[in-house]
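Student: Numbering follows my numbering, in which position 87 of the sequence shown is assigned residue number 91; successive positions increment by one, without gaps.
I have a structure I would like to understand better, so I am pasting it below and will then ask my questions one at a time.
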Amino acid sequence: MTAGVVSARGRAVQEPSETPGQPGPYLYDLIQTDVSINPGNSEGPLLSMAGEVVGINTLGAGGAGQMAQGVGFAIAISTARQIADELAATVKVVHPYLGISYAALTRALVM
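Below you can see the structure in the form of structure tokens.
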């Protein structure tokens with residue numbers, strides 16, 4: 005067990021990609037904590053001082069070679085519960101997607 009401090013809620017963080025050169029998926033509504041989450045100790049509960057599960061530890065900040073020491077992220081239990089309920093009811097989770105992208109407006113695009 006590790007004791008820690010929650011330093012932010014509602015964070016969005018991009019996961020590392022399993023495909024080199026491609027961006028990883030984003031995780032939303034995360035709890036930022038000073039608990040180090042290393043490979044092998046993620047997926048455990050983040051507990052309040054009262055012993056209540058408030059999140060699921062999932063990701064340490066940074067990536068290979070750029071790990072930020074002592075910063076970790078947990079999926080908020082309210083988010084995890086919604087996903088678990090949806091999986092139990094439909095065997096899949098549907099995430100909304102707008103299908104749009106953006107680019108910087110340059111003189112060449114204006115002309």
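Backbone N, C-alpha and C define an ideal beta-carbon position, used for all residues, glycine too.
Among all the DSSP beta bridges, which residues are the ones paired with Thr110?
Tutor: Mapped onto the sequence shown, residue 110 falls at position 106. According to DSSP, which records beta bridges pairwise, Thr110 is partnered with nothing at all.
Student: Residues in its own chain within less than 6 Å of Ala16 by CB, not counting five upstream and five downstream?
Tutor: Here residue 16 refers to the residue found at position 12 when the sequence shown is read from its first residue. Tyr30, Tyr32, listed in sequence order.
Student: Figure out for me which residue from Ile35, Gln18, Thr37 has the closest Cα to the Cα of Gly28.
Tutor: To locate residue 28, count along the sequence shown from 1; it is residue 24. Minimum Cα distance to Gly28 is reached at Gln18.
Student: Straight-line CA distance for Thr23 to Ala112?
Tutor: The residue given as residue 23 occupies position 19 in the sequence shown. The residue given as residue 112 occupies position 108 in the sequence shown. Taking the straight line from one Cα to the other gives about 32 Å.
Student: Got a sec? Which residues, its chain only, sit under 8 Å from Asp38 by beta carbon, not counting five neighbours each side?
Tutor: Looking up residue 38 in the sequence shown gives position 34. Closer than 8 Å at the Cβ level, and outside the excluded window around Asp38, lie Gly8, Val9, Ser11, Gly74, Val75, Gly76.
Student: Return helix, strand or coil for Leu31, following the three-state DSSP convention.
Tutor: Within the sequence shown, residue 31 is the residue found at index 27, counting from 1. Looking at Leu31 - three-state DSSP - the assignment turns out to be strand.
Student: Buried or exposed: Tyr108, going by 16 or more other Cβ atoms within 10 Å of its Cβ?
Tutor: Within the sequence shown, the letter at position 104 stands for residue 108. According to the sequence displayed, residue 108 carries Ala and not Tyr. When all chains shown are included, Ala108 counts as exposed.
Student: On the three-state DSSP scale, how would you describe Ser82?
Tutor: By 1-based counting over the sequence shown, the position of residue 82 is 78. Note: Ser82 maps to helix in three-state DSSP.
Student: In whole angstroms, give me the CA-to-CA distance for Ala78 and Ala88.
Tutor: Locating residue 78 in the sequence shown gives position 74, counting from the first residue. Locating residue 88 in the sequence shown gives position 84, counting from the first residue. Spanning the two alpha carbons is a distance of roughly 16 Å.
Student: Roughly how many angstroms separate the alpha carbons of Leu91 and Arg85, rounded to a whole number?
Tutor: Here residue 91 refers to the residue found at position 87 of the sequence shown. Here residue 85 refers to the residue found at position 81 of the sequence shown. Going from the Cα of Leu91 to the Cα of Arg85 covers about 10 Å.
Student: Please classify Leu102 as buried or exposed, where buried requires at least 16 other C-beta atoms within 10 Å of its C-beta.
Tutor: Against the sequence shown, residue 102 aligns to sequence position 98. Leu102 should be labelled exposed.
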